[in-house]
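Heads up, the thing below is written out as structure tokens.
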Amino acid sequence: MHLVKLSGTYYEMGYEYGKVNKARLSLPDADAKDRKYASKCKEHVTEYIPSILEEFQGIADSTDINFELLITYLLYNPSSAEWFFQSDLQGCTIFAVSGDKTADGFPLYARNYDWEYEKQDQLGLFHIQPKGKLESIGFADHMSGRYGGVNKAGLAAGITIMPYYDRKLQ
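Each step along the sequence shown adds one to the number in the numbering used here, with nothing skipped, and position 22 is 266.
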């Protein structure tokens, strides 16, 4: 796992991340269908978290990766999606316990990445300090965005991916 420390505007943080990692960042081309799907996703992202698109633009500008290709990879990665739905191994552990149920009275939140051991080196701990926003830490296995984390005010969020099972439980 590697530590990524970024500060500034979201664009500046993306630009810095891209500049430092330019040599290892390359993306395969995406077909028109995948780009169209990612474009639809972008509409929702624009409405709810436009700052992440600023971060993506910074990465695109500092790496010379086409912005539309970058968002196709980051908002909808077709090769990952295919793997998620074909693998019985994909999934993550996540849980939370309210403070009234813990010995010290503080809430407890835990998140584990249950995934391919061979890809553990892609996991990064992101410590970000966005200008005018709350500092936070979070994890990701790709170049930008986080799969959850906790901010300086103590708000924690996370996601988990579970494989699709098209069969009856036994």
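Beta carbons: idealized from backbone N, C-alpha and C, even for Gly.
Excluding its 5 nearest sequence neighbours in each direction, K249 has C-beta neighbours in its own chain below 7 Å: H371, listed in chain order.
Rounded to the nearest whole angstrom, the C-alpha separation of T290 and V341 is 32 Å.
Bounds of the beta strand (DSSP E) holding Q373 are 368 to 374. Annotated as distal: I315 and Y261, with beta-carbon spacing of 8 Å or more. If you look at G402, you'll find it isn't in any alpha helix (DSSP H); it sits in the beta strand (DSSP E) that goes 400 to 402. Contact annotation: L369 and A397 have beta-carbon atoms that are not nearer than 8 Å. Taking a C-beta distance under 8 Å as the contact criterion, C336 and T404 qualify as a contact pair. Listed as beta-bridge partners of I303 by DSSP are no residues whatsoever. Here Y255 is not near E312, since their CB atoms are 8 Å or more apart. When DSSP states are grouped into helix, strand and coil, A354 belongs to the strand group.
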